[in-house]
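Note sheet for the following structure.
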Amino acid sequence: MSIVNMWIIALFCLFTLSVADDSGFNTRRFPANFKFGAANAAPQIEGAWNLDGKGETIWDHFAHNYPERIVDRTTPDIACDSYHKYKEDVALVKQMGLDIYRLSIAWSRILPTGYTDQVNSLGVQYYKNLFKELKENGIEPLVTLYHWDLPQPLQESMGGWLNETIVDLFADYARLCFELFNDDVTSWITINEPKQVCLAGYGSGIFAPGIQSDGVGDYICIKNVLLAHAKAYRIYDQDFRMKNKGKVAMVIDSTFWEPGSDSEADKEASERSLQFDLGIYGHPIYIGDWPEVVKTRVAMRSELEGFTQSRLPELTAEEIEFIKGTHDYLALNHYSTQMVNATQEWPIGNPSSAADRSVLVWNRPEWVKGSSDWFNVVPWGLRKLLNWLKNEYGDEEIIITENGYADADGTLEDDRRIAYYQGYLSSCLDAIYEDNVNLTAYVTWSIIDDWEWLGGFSSFLGMYRVDFNDPERPRIKRKSADYFTQIVKNRCVVDENQCTDY
Ligand code: BGC
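Letter by letter, the sequence shown follows residues -20 to -1, 1 to 482 of mature numbering (1 follows the signal peptide of the UniProt record, and there is no 0).
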């Protein structure tokens, strides 16, 4: 071996050794163009639920009419009052040095009935003001068109996401938003987490609008959501993109499903879980059509149950083409990992999407938890999920559009949240540098506490606490806010003096 070769190998070893500190955290700095941000959504922070012309949403309706379904019987009526305090929120984003603020537009603030018969100018003005504030502070808006808050009249008059007319109605709303805000926004998200919209909203029915149609309605909803997303994407592509060269994607959320053992059967159970949990949304967009395993299994069980056709609606050749390719990046929400084992086929009986998957899910007892049973702190799960996406869908640009830690006590000394960030961001660095994943931004959930759907005001994810008992809704800094600010400043998850420059 020549001296030169020996030197190259020695340097390589030094370099690889130096990427982790004593605790195993990646010491490299995030790439210069990597962006950081924080996210939230209109129904969880804005409040002003019926002010200045805003219409009722399915979540307003659900919380008002079924208070027992919300842990603390609270409503989103006032939430963080961000409708009035948005300047304060933007100031916090600015103070932390973040590049991106992810927010959502409330459909019913723009179109109170959900239809285009009335456009609410005060609602339009609110978002115009918010975008102006962001612009003046040099912060990029990342804007979700639909974060679960369907206008209630659309549920009542036509069945919401179960009726295919929703595809055109969503497309009308999306077009209007592109027209109104094309000068203000270049990064768009069509729909947040179709899994929650459909499985929880129209399957188990635990979420608004509370429709229980497990294994049937949820699949119809998924097809309609995919078509609605695709239609909005194509409208943007044809009529708006030339002006500001923006980008559009749908947010997909997924747990990472770690195989319970090295057996082929458990590995297959993990892959099946990923396809049912993520692939059912991602495959039609990034590859085309439903994932094969989902198609085959739902058809097989439907037949055994006595259905004459699969409960999973077919995508016609035309629909497959229409949905395929409707992405400019991949937007991922990820919070946790669970273990999964193969198990016997679940009994044939009532249809259910969990039975269509038929696996055994469990949690390692040693895993640190967040505010609920499934919330395991497993940073390597994120790295594995990012690699799964890369292998499955190719070298797509990936943006993490949500990741963060939920606790139940809301403490200001939130060391567990800090540990979560350090672990998960270190995993992002591993994915970027060790695995060549094209990850370009990390947007955390969240900057301030919010109304957490069924969790009301009893689950906390903010780096700032919001005092929901105080009419002023003050934002109070938690320890994690300083930690995150340091990460953004140093672009590194360990102490500044340990960061590896190269
Ligand atoms: C949702 C957010 C929610 C967060 C934390 C995500 O699934 O998009 O709206 O607040 O989880 O619970």
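Cβ coordinates follow ideal geometry from the N, Cα and C atoms, glycine included.
Sorted by chain position, which residues of the same chain lie with C-beta nearer than 8 Å to residue i's C-beta, five sequence neighbours on each side aside?
| i | result |
| --- | --- |
| residue 96 | 152, 153 and 156 |
| residue 176 | 128, 187 and 233 |
| residue 79 | 15, 16, 17, 119, 120 and 421 |
| residue 282 | 289, 290, 291, 292 and 331 |
Would you call residue i buried or exposed, if buried means 16 or more other Cβ atoms sit within 10 Å of its Cβ?
| i | result |
| --- | --- |
| residue 11 | exposed |
| residue 318 | buried |
| residue 22 | buried |
| residue 540 | This structure gives no information on residue 540, because the portion of the chain shown stretches from -20 to 482. |
| residue 65 | buried |
| residue 477 | exposed |
| residue 286 | exposed |
| residue 35 | buried |
| residue 364 | buried |
| residue 46 | exposed |
| residue -3 | In this predicted model, residue -3 has a pLDDT of only 46, less than 50, meaning its place in the structure is not dependable enough to derive any value. |
| residue 424 | buried |
| residue 99 | exposed |
| residue 447 | exposed |
| residue 535 | Past the edges of the chain, shown from -20 to 482, lies residue 535, and the structure says nothing about it. |
| residue 102 | exposed |
| residue 250 | buried |
| residue 345 | exposed |
| residue 451 | exposed |
| residue 348 | exposed |
| residue 484 | In the structure as shown, the chain starts at -20 and stops at 482, and residue 484 therefore has no counterpart that could be examined. |
| residue 86 | buried |
| residue 135 | buried |
Grab the span of the alpha helix (DSSP H) containing residue i for me, first residue to last.
| i | result |
| --- | --- |
| residue 42 | 38 to 45 |
| residue 55 | Run containing residue 55: none; DSSP gives neither H nor E here. |
| residue 372 | 359 to 373 |
| residue 48 | Note, residue 48: premise wrong, no alpha helix (DSSP H); not H, not E. |
| residue 302 | 297 to 303 |
| residue 262 | 260 to 266 |
| residue 309 | Premise fails: residue 309 is in no alpha helix (DSSP H) and is neither H nor E. |
| residue 284 | 272 to 285 |
| residue 65 | 62 to 75 |
| residue 88 | 87 to 90 |
Here's a check: name, in chain order, each residue in its chain whose Cβ is nearer than 6 Å to the Cβ of residue i, leaving out the five neighbours to either side.
| i | result |
| --- | --- |
| residue 335 | 326 |
| residue 25 | 59, 60, 62 and 430 |
| residue 307 | 229 and 265 |
| residue 432 | 439 |
| residue 84 | 21, 22, 124 and 127 |
| residue 106 | none |
| residue 138 | 145 |
| residue 110 | 66 |
| residue 398 | 460 and 463 |
| residue 359 | 403, 404 and 407 |
| residue 1 | 7, 474 and 478 |
| residue 436 | 50, 51, 52 and 54 |
Do the CB positions of residue i and residue j come within less than 8 Å of each other?
| i | j | result |
| --- | --- | --- |
| residue 6 | residue 395 | no |
| residue 362 | residue 459 | no |
| residue 262 | residue 189 | no |
| residue 291 | residue 273 | no |
| residue 212 | residue 150 | yes |
| residue 463 | residue 401 | yes |
| residue 131 | residue 235 | no |
| residue 418 | residue 377 | yes |
| residue 169 | residue 231 | yes |
| residue 9 | residue 481 | yes |
| residue 295 | residue 269 | yes |
| residue 114 | residue 70 | yes |
| residue 192 | residue 185 | yes |
| residue 260 | residue 202 | yes |
| residue 210 | residue 303 | yes |
| residue 381 | residue 284 | no |
| residue 383 | residue 315 | yes |
| residue 468 | residue 76 | yes |
For the beta strand (DSSP E) that contains residue i, what are its first and last residues?
| i | result |
| --- | --- |
| residue 321 | 317 to 322 |
| residue 341 | 339 to 342 |
| residue 406 | Note, residue 406: premise wrong, no beta strand (DSSP E); alpha helix (DSSP H) at 395 to 409. |
| residue 82 | 80 to 84 |
Given residue i, which residues of its chain have a CB within under 7 Å of its CB, disregarding the five upstream and five downstream residues?
| i | result |
| --- | --- |
| residue 57 | 27 and 29 |
| residue 179 | 198 and 333 |
| residue 245 | 322 |
| residue 455 | 68, 72, 428, 444 and 446 |
| residue 224 | 162 and 166 |
Would residue i count as contacting chain B if we go by Cβ distances under 8 Å?
| i | result |
| --- | --- |
| residue 415 | Given the protein chain composition of this structure (a single chain), no chain B is represented. |
Uninterrupted alpha helix (DSSP H) stretches inside the segment 95 to 145 (no shorter than 4 residues): 101 to 116 and 132 to 138
Could you pull out every unbroken beta strand (DSSP E) segment of at least 3 residues lying fully inside the segment 445 to 475, listed in chain order? 455 to 457
In chain order, which alpha helix (DSSP H) runs of at least 4 residues are fully inside the segment 215 to 257? 221 to 224 and 244 to 254
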